[in-house]
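Numbering (this note's numbering), first residue to last: 162 to 750.
Note that CB positions come from ideal geometry on N, CA and C, so glycine has one too.
Reviewing the structure listed below.
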Amino acid sequence: AGWDIVGIAGLLFGAWPIFREALDNVKERRMTMELSMAIAIVAAAAISEFFTALVVTFFVLVAEELEHLTVDRGRAAITDLIDVMPHRATVRRDGVISVVPIETIGIGDRILVAPGENIPVDGVVMAGASYVDQARITGESMPGKWREGDVVFAGSINQSGALDIQVDRIGRDTSFGRIIDAIENAEQSRAPVQRLADQLAGYLVYFSFAAAILTYLLTGDIRDTISVIIVAGACGVAAGTPLAVLGGIGRAARNGAIVKGGKHLETLGRIDTIVLDKTGTLTFGEPRVLAIHPAAGHAKAELLRLAAAAELRSEHPLAKAVVAEARTRGIAVPEPDSFDYRLGRGVSARLGDDRILIGSVKLLQADGVEAPADRSADAVSSEICVAINGRYAGSFAVADEVRPEAAAAIRALHAMRIRTLLLTGDNAKVANSVGASLGIDAVEAGMLPEQKLERVRALVASGAKVAMLGDGINDAPALTAASVGIAMGSGTDVAKESADIVLLANDLERLVETVRIARRTRHVIWQNFSGTISVDALGIALAAFGFLNPLLAAFIHVSSELIFISNSARLLPAADRMRLPRREKEDRE
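Right under this line is the structure:
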C-alpha cells in the first residue's frame with residue numbers, strides 16, 4: 162500500500178502536464194495523442210500497474226521535450242537571422258558623420274559601411290568599391306565586387322573597402338526583413354497538408370480507441386488493451402509537418418527565395434507546368450552589345466570609342482548599350498563636338514576631325530555609304546552600323562542577352578517533368594529563337610498582358626498546376642492567376658507584391674533549387690504520413706494479439722515519433738550556414 166501511494170504521488174506529479182494538455186483538448190473537442198496517453202496512464206494505474214504508468218509517463222515527457230527542442234531549433238533560425246543585423250549605423254547628415262540607432266535612419270539618408278561590417282539597409286552605392294558577400298540574401302556563395310551605382314541588400318557583409326550607401330529600404334521593408342517575415346509567417350500560415358496532418362492524427366486516435374475496445378471485447382486482457390492505446394502515435398505527423406514546412410521555407414530563404422507561406426511551398430512542390438516571361442526573366446531585360454564586327458583597318462576599341470562618343474547624348478536603349486559596353490571595357494568616352502539625332506534611323510555626330518554616322522544600314526545608305534553584304538548580321542539581334550568620314554567602319558550586334566544559366570535551368574525543369582511555356586509580348590522571330598535555343602516546350606509571342614492572363618487562367622482551369630515566373634507590371638495579373646506566382650527580385654514592386662514567391666538573386670538556378678526544396682518538403686511529409694500509418698497499424702495488430710506489453714508499446718510509440726520528427730528536421734538550414742562566420746568566409750577566399 163505504501164508503494165502504491167508513492168506510485169500515485171509520482172504519477173500525479175509526472176503526468177500532470179499530460180493531463181492538463183489532455184483536459185484542454187477535451188474542452189476544444191479535439192482528439193489528440195495527449196488525450197489517448199492520459200487515458201492509457203489512468204487505465205494502467207487503475208489495475209495497479211504503477212511502474213508501467215510511470216514509464217509510459219516518462220517516455221511521453223521525454224518525447225515531448227525532444228520534440229520541443231527540435232522545433233526550437235527551427236525557431237532558432239529566425240533568431241540567428243535577426244541577430245546578424247547591426248543595431249547602430251554610421252550616417253552622414255549635413256556633412257556631419259555620427260553613429261545612430263538603426264531605427265532613426267530614414268530613406269534617402271547616406272550611411273557609411275566600413276570593411277567587415279554588416280550592411281544594415283537596402284540601398285545604392287554612391288561612392289566606394291568593395292567585395293560584398295550576399296550569401297545570406299541571394300544564396301550566392303562567392304563574394305562579388307560592388308561599385309558606384311550597384312544595389313546592395315541589408316544583411317550582406319562588406320568585406321574589403323568602405324562603401325557610401327544611399328538608403329532605399331529599411332527594417333522589415335528590406336529584402337532581409339522580408340526573409341525574416343517569411344520564416345516567421347511559416348509558423349502561422351497553415352498549409353493544406355498541415356490540416357490533413359491534424360486530421361490524420363485525430364483519426365489515428367479514434368482508430369486506436371476502436372481497436373482497444375475490440376481487443377478488450379475479444380480477449381478480456383486489460384494489459385493488451387492498454388498496449389493498443391499506447392502504441393498508436395501520430396505526434397510525428399502532427400509536429401513533423403509544420404516543422405518540415407518551416408524548414409523548407411527557411412532553406413528556400415537561404416537559397417535566395419522568399420516564400421510567403423506554407424501553402425505556396427506546398428503548391429510549388431506539385432507544379433507540372435511553368436509559364437515564363439522573356440524580357441527580364443529569361444533575359445537580362447536590357448540591350449547589350451553581343452558582338453563587335455570592325456571593318457578592315459579598324460580596331461575594335463577605337464571603333465567602340467568613336468561609336469560611344471556619338472551615342473553619348475542619345476536616350477535610345479541601343480545607344481545606351483553601346484556606351485555601357487565602352488565603359489565596361491574601361492574606354493574613356495569623350496563628349497562629341499556636335500550631335501544630331503535622326504528619328505528612327507540613328508545619330509550623326511562630330512568628334513574632332515571625325516564625322517561619325519551610327520544607326521541603321523538605311524541611315525548609311527541615305528548618306529551615300531555602302532555597307533558590305535556580309536556584315537555578320539543575325540536574325541535575333543539588332544544591328545547598328547557605323548560609318549566614319551563617309552566610309553563603312555563596322556557594326557555592332559545588340560540584343561537583350563539570354564541569362565547564361567537559363568538553358569541549364571530549363572533542362573533541370575524538364576528533368577523534373579515540368580512542362581515549360583514561354584509567353585512574351587516580343588515578336589515571334591525573337592521569341593522562337595530564344596525558345597529554340599533554350600529548349601522551351603512551347604512559345605507564344607506578341608501577347609498583351611490580358612492575353613497572358615487569359616492563357617494562364619485557361620491552363621489552371623484545365624487542371625494543370627501552373628507556376629508563373631515574371632518581372633514586370635504586365636506580368637502582375639498572370640502572377641496572381643497562376644497556382645503559384647514567382648517574381649524576379651530585379652522586377653517591379655507590383656510584380657513582387659503580386660507574387661507568392663520572390664527570387665532575390667535574379668538567377669534561374671535559384672528557381673530550380675526552390676522547386677527542388679518544395680518537392681523535397683512534400684516528399685518528407687508524405688514519408689512521415691505513410692510511416693506513421695504503417696507503424697501504427699503493425700503496432701496495434703501486435704498489441705491486440707498480445708505480442709507487446711505496455712512498456713514495449715510506449716517505446717515503439719516514442720521511437721517512431723522521434724524518427725519522424727527528426728526526418729522533418731533534416732530540412733532545417735544548418736545553423737553554421739545561417740550565421741556565416743567571417744573567418745570561414747576569409748578561409749574560402
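Check: Gln612 beta carbon near the ligand ZN (any heavy atom closer than 8 Å); Outcome: The ligand ZN is absent from the structure shown, which contains no ligand whatsoever.
Check: Three-state secondary structure assigned by DSSP to Ile318; Outcome: strand
Check: Closest by C-alpha distance to Asp294, when choosing among Gln320, Asp270, Leu361 and Arg271; Outcome: Gln320
Check: 7 Å CB neighbourhood of Arg564 in its chain, flanking five on each side removed; Outcome: Leu443, Thr444, Phe445 and Leu669
Check: Beta-carbon spacing of Thr213, Pro711 below 9 Å; Outcome: yes
Check: Proximity winner among Arg490, Phe500, Lys461 and Val450, relative to Ala470 (alpha-carbon distances); Outcome: Phe500
Check: Glu309 versus Arg580, Arg253 and Gln327, residue with shortest Cα-Cα distance; Outcome: Gln327
Check: With 16 other Cβ atoms within 10 Å as the buried cut-off, status of Phe314; Outcome: buried
Check: Proximity of Leu451 and Ala558 at Cβ, strictly below 9 Å; Outcome: yes
Check: Burial state of Lys613, where buried means 16 or more other Cβ atoms lie within 10 Å; Outcome: buried
Check: Residue from Phe174, Arg490, Thr434 and Ala493 whose Cα sits closest to the Cα of Ser623; Outcome: Thr434
Check: 8 Å contact criterion, which Val645 and Asp661 should meet: CB distance rounded; Outcome: 5 Å
Check: Contained alpha helix (DSSP H) runs [length at least 4] in the stretch 441-525, N- to C-terminal order; Outcome: 461-472 and 478-489
Check: C-alpha distance - Leu609 paired with Gly256, whole-angstrom precision; Outcome: 49 Å
Check: Inter-stretch contact (C-beta, 8 Å, three-pair minimum) for the stretch 472-480 and the stretch 454-462; Outcome: no
Check: Cβ-based burial, Glu486 [other Cβ within 10 Å; buried from 16]; Outcome: buried
Check: Backbone CA spacing between Arg254 and Arg339 [nearest angstrom]; Outcome: 28 Å
Check: Contact under 9 Å by Cβ, Ala643 with Val392; Outcome: no
Check: Bounding residues of the alpha helix (DSSP H) (the contiguous stretch that carries Val685); Outcome: Leu669 to Ala705
Check: C-beta contact flag for Ala482 and Arg449 at 9 Å; Outcome: yes
Check: DSSP state of Val260 mapped onto helix, strand, coil; Outcome: strand
Check: Host beta strand (DSSP E) of Arg254 (start-end); Outcome: Arg249 to Arg254
Check: Contact set for Cys546: own chain, Cβ-Cβ below 6 Å, skip 5 residues either direction; Outcome: Val522, Leu525, Ala532 and Ser556
Check: Cβ neighbours of Gly401 in the same chain (closer than 6 Å, five flanking residues each side left out); Outcome: Asn689, Phe725, Ile726 and Ser729
Check: Proximity of Ala250 and Pro281 at Cβ, strictly below 9 Å; Outcome: yes
Check: Cα-Cα separation, Lys590 to Glu562; Outcome: 15 Å
Check: Span of the alpha helix (DSSP H) around Thr386; Outcome: Ile383 to Val392
Check: Closest residue to Leu583 among Asn593, Glu447 and Ile549 (Cα-Cα distance); Outcome: Asn593
Check: Three or more C-beta pairs below 8 Å linking the stretch 361-378 and the stretch 699-711; Outcome: yes
Check: Residue burial classification, Ala560 (beta-carbon count within 10 angstroms, cutoff 16); Outcome: buried
Check: Distance between Ala714 and Val312 (C-alpha atoms, nearest Å); Outcome: 59 Å
Check: Same chain only: Cβ atoms within 7 Å of Asp515, ignoring 5 sequence neighbours per side; Outcome: Leu467, Ile549 and Asn550
Check: Coarse secondary structure for Gln295, derived from DSSP in three states; Outcome: coil
Check: For Ile453 and Lys447, the rounded distance between their alpha carbons; Outcome: Note on identity: in this sequence residue 447 is Glu, with Lys being the wrong assignment. The alpha-carbon atoms of Glu447 and Ile453 are separated by roughly 18 Å.
Check: Inside the stretch 534-618 only - alpha helix (DSSP H) runs reaching at least 4 residues; Outcome: 567-576 and 589-599
Check: Bounding residues of the alpha helix (DSSP H) (the contiguous stretch that carries Ala637); Outcome: Ala637 to Ala642
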